[in-house]
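**Student:** Okay, so the sequence shown: first residue is 2 according to this note's numbering, each after it adds one. No residue lacks a Cβ here, since even glycine has one placed at the ideal position from N, Cα and C. Note that the structure is a prediction, hence the values are computed from the model and not measured.
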Amino acid sequence: MMNYERKHAWQEKLRTGQIHSAQQVKMWVLPHGVICEMVQVGGLPILRNGKYDSMNTVLARLLADAGIMGTVILYSTATIPQNLSRWLTHWLSNDPSEDDPWLRSMTVTTMGQRPTKPLPFQVNVIEPAILEAGEVFEAIKHRSRDVSISQFLIEANDVTYRLEPVRRMDARIVDCTEFGYVLRTQGNHTFLASMLSRRVQGQLAHYKVSPADLVGTDVKVEYTMFTEGNRLCNFKSPVVYRSKALDALGDQNVPTYDGPYPFKSQASANRALLTVTRCKRAAITRTDGEIYGKDTESDAKLFSFRRGVKPGLYAATFEKGDDVEFWQFDSDFAVDAIDPDALVSVITDQIFYATGMSLLEIFLMYDARLPSQSVKT
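1. If you drop the 5 nearest sequence neighbours on each side, which residues of the same chain put their C-beta closer than 6 Å to that of residue 190?
2. Would a C-beta distance cut-off of 8 Å place residue 82 and residue 149 closer than the cut-off?
3. Could you tell me the alpha carbon to alpha carbon distance between residue 80 and residue 257, rounded to whole angstroms?
4. Using CA atoms only, rank isn't needed, just tell me which of 289, 304, 60 is closest to residue 295.
5. Does any residue of chain B have a CB that is nearer than 8 Å to the CB of residue 201?
6. Helix, strand or coil for residue 154, going by three-state DSSP, please let me know.
7. With DSSP collapsed to three states, give me the class of residue 168.
8. Using DSSP with H/G/I as helix, E/B as strand and the rest coil, what is residue 120?
9. From 207, 166, 273, pick the residue whose C-alpha is nearest to that of residue 337; which is it?
10. So residue 305 is in the beta strand (DSSP E); what residue range does that whole segment cover?
11. If the criterion is Cβ atoms closer than 8 Å, does the pair residue 5 and residue 162 meet it?
12. Three-state secondary structure (DSSP) at residue 273?
13. Three or more C-beta pairs under 8 Å: does that hold for the stretch 60 to 77 against the stretch 244 to 254?
14. If you reduce the DSSP assignment to three classes, tell me which class residue 213 lands in.
15. Hey, how far is the Cα of residue 276 from the Cα of residue 16?
16. Do residue 363 and residue 334 have their C-beta atoms within less than 8 Å of each other?
17. Could you give the C-beta distance for residue 11 and residue 164, rounded to a whole number, given that I count them as a contact under 8 Å?
18. By DSSP, does residue 69 sit in helix, in strand, or in coil?
19. Quick check on residue 136: does DSSP put it in helix, strand or coil?
20. Pull the bridge partners of residue 55 from the DSSP assignment, please.
21. Would DSSP call residue 250 helix, strand or coil?
22. For residue 155 and residue 210, I'd like the C-alpha separation in whole angstroms.
23. Let me check understanding here. Comparing Cα to Cα, which of 120, 352, 143, 178 lies closest to residue 267?
24. Hey, quick one: how far does the alpha helix (DSSP H) through residue 369 stretch, first residue to last?
25. Could you tell me the distance, in whole angstroms, from the CA atom of residue 172 to the CA atom of residue 217?
26. Tell me whether the beta-carbon of residue 243 lies closer than 8 Å to the beta-carbon of residue 201.
27. With a threshold of 6 Å on Cβ separation, who are the neighbours of residue 347 within its own chain once the five nearest residues in sequence on each side are excluded?
28. To which residues does DSSP link residue 350 through a beta bridge?
29. Put residue 376 into one of helix, strand or coil per three-state DSSP.
What follows is the structure, encoded as C-alpha cells:
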C-alpha cells in the first residue's frame, strides 16, 4: 500500500481548520485491487507492488507500450482481494508470457490515463470527483453502497488521504469474550468484533451496563468490506457502532467516555495475510504444548497451535485415536480472511506425519462451542 495518510489524519486536519470544510478537494473512488506504480528506469518498465519491483515483465511492458504510467490498480479473478498482492508478486516472478491465461484474468484501472493501443485485458479509466472537504464523509457513505468499491483517495494541499468505505448491517451478540463480541448475522456468519464506537462505550458507562449484559441483543455493525466464501471472518474491520438495547434506554445525549477500553487487543504482529499457498510448504514441528509451522523458504513462523482454548480466539480440533483435543490456533500474520477448510486441507497431512494427530477444523471459539469437560483441552 502506498504511504497515504489515514482517516484520523484527515479528521484532524478538518477539525483544526488546516483543511477548510468549503475547500475543494479531489476524490478518487477505487475498485478492489492492488495499488501499484508504473515507472521507467534506464528505459526499462518497472511495476512497483509495495516493496517488490517487477522489472520488464510482460505486464509492465504491455502497460508501458500503451502509454500507461504512474498509479494503476490491478485486479485478477485468480484470488480474493486480500491475497492479490502476494499472488501478483508470485505470478510475475515466474515471468509469464503473453500467452499466459492469467494475463486475461487481469483488470487494470488507471487514474485518468487511456491506453494508446489495445491490450489483452480489461482496462478501466476513472476520473476524480471535485467536491468540498466537508462533503467527503457524506459522499463516502453514499458511494459505499456499491460493494465493488474498495477505498477512497482524497487529494488536498498536495497530500493524499486513504479512507475506507462505510457499510452497515444488523447482527446479534451471541457471546461476550475478553477479546470482543461474538456476532451472528442474519446470513448466519459468525465473527468477532473487538471494536466499539465511542457512543456504545459511553452508553455502557452511563447506564452502568456491563458488556456481557448485551448478550442476546441486536446491534448495528459498520465494516469496510465483505469477502465471499467460507472465511474465519467475512467482514473486514467490524465495529459495533449502535446498540438497539442501549438506545432504548432513553437519553440521546450520552456523556463522552474516556475510560479504559472494555476488550483486550489481539492485533497481529505482521499485517501481511497468511495464505493457504504459503502454508503448503510449511515444515511442522511439535514441542511441549505447541505445534507450529515454519516457511521452508524464509524460515518465518507461519502459525502455531497451543494447548488450551479461550473464547474469542481461533481454535482447532485435533483427533488421535478415540481422543479429541481442542488447541488454540494463532499466527503473527493476519488470518481473518483465510478459508479454514482450505487451510486444514493443505496442512493436515504434514501435521499428521509430524504428530500422529489429525487436524479436523479451525474455527472461532465462543461459549456455545466450548468443549465439554469430558473432552481434552
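**Tutor:** Working from what's here:
1. As a working note, residue 190 is residue 189 in the sequence shown. Once the five neighbours on either side are set aside, the close Cβ partners of residue 190 are 235.
2. Position 81 of the sequence shown holds residue 82. Position 148 of the sequence shown holds residue 149. No, these two residues do not count as a Cβ contact at 8 Å.
3. Here residue 80 is taken as the residue at index 79 of the sequence shown, counted from 1. Here residue 257 is taken as the residue at index 256 of the sequence shown, counted from 1. So the alpha carbons of these two residues sit roughly 43 Å apart.
4. Along the sequence shown, read from residue 1 onward, the residue named residue 295 stands at position 294. Per the Cα distances, 304.
5. The chain labelled as chain B is not found in the depicted structure, where only one protein chain is given.
6. Mapped onto the sequence shown, residue 154 falls at position 153. Three-state DSSP puts residue 154 in a strand.
7. Within the sequence shown, numbered from 1, the residue matching residue 168 stands at position 167. Collapsing the DSSP output to three states places residue 168 in a strand.
8. Position 119 of the sequence shown, counted from the start, is the residue given in the question as residue 120. Collapsing the DSSP output to three states places residue 120 in coil.
9. In the sequence shown, the residue the question calls residue 337 occupies position 336. Checked all of 207, 166, 273; the closest Cα to residue 337 is 273.
10. Residue 305 sits at position 304 when you count from the first residue of the sequence shown. Start and end: 302 to 308.
11. As a first step, residue 5 is located in the sequence shown; it is residue number 4 there, counting from the start. As a first step, residue 162 is located in the sequence shown; it is residue number 161 there, counting from the start. Residue 5 places its beta carbon less than 8 Å from that of residue 162.
12. Sequence index remark: in the sequence shown, residue 273 carries index 272 (1-based). In the structure shown, residue 273 sits in coil (DSSP, three-state: anything other than H, G, I, E or B).
13. When Cβ pairs closer than 8 Å are counted between the two stretches, the stretch 60 to 77 is seen not to touch the stretch 244 to 254, the count staying below three.
14. Here residue 213 is taken as the residue at index 212 of the sequence shown, counted from 1. DSSP, read as helix, strand or coil, puts residue 213 in helix.
15. Numbered from its first residue, the sequence shown carries residue 276 at position 275. Numbered from its first residue, the sequence shown carries residue 16 at position 15. C-alpha separation (whole angstroms): 40 Å.
16. In the sequence shown, residue 363 corresponds to position 362, counting from 1. In the sequence shown, residue 334 corresponds to position 333, counting from 1. No. Outside cutoff.
17. The residue given as residue 11 occupies position 10 in the sequence shown. The residue given as residue 164 occupies position 163 in the sequence shown. Yes, they are in contact, since the Cβ atoms of residue 11 and residue 164 sit about 6 Å apart, within 8 Å.
18. Here residue 69 corresponds to residue number 68 of the sequence shown, with the count starting at 1. Three-state DSSP puts residue 69 in coil, outside helix and strand.
19. Position 135 of the sequence shown holds residue 136. Residue 136: helix per DSSP, three-state reduction.
20. Residue numbering aside, residue 55 sits at position 54 when the sequence shown is read from its first letter. Partner residues in the beta bridge of residue 55, as assigned by DSSP, are 48.
21. Residue mapping note: residue 250 aligns to position 249 of the sequence shown, counting from 1. Coil at residue 250, not helix or strand.
22. Numbered from its first residue, the sequence shown carries residue 155 at position 154. Numbered from its first residue, the sequence shown carries residue 210 at position 209. Taking the straight line from one Cα to the other gives about 39 Å.
23. Taking the sequence shown and counting its residues from 1, the one referred to as residue 267 is at position 266. Out of 120, 352, 143, 178, 178 has the C-alpha closest to the C-alpha of residue 267.
24. Position 368 of the sequence shown, counting from 1, holds the residue named residue 369. No alpha helix (DSSP H) holds residue 369; DSSP gives it neither H nor E.
25. As a working note, residue 172 is residue 171 in the sequence shown. As a working note, residue 217 is residue 216 in the sequence shown. Linking residue 172 to residue 217 through their CA atoms gives a straight-line distance of about 10 Å.
26. As a working note, residue 243 is residue 242 in the sequence shown. As a working note, residue 201 is residue 200 in the sequence shown. Yes, the pair counts as a contact, with Cβ atoms nearer than the cut-off.
27. Sequence index remark: in the sequence shown, residue 347 carries index 346 (1-based). Once the five neighbours on either side are set aside, the close Cβ partners of residue 347 are 277, 280, 281.
28. Mapped onto the sequence shown, residue 350 falls at position 349. According to DSSP, which records beta bridges pairwise, residue 350 is partnered with nothing at all.
29. Position 375 of the sequence shown, counted from the first residue, corresponds to residue 376. Only weak support is given to the placement of residue 376: the predicted model assigns it a pLDDT of 49, under 50, and the value that follows is read from those uncertain coordinates. Coil, per DSSP.
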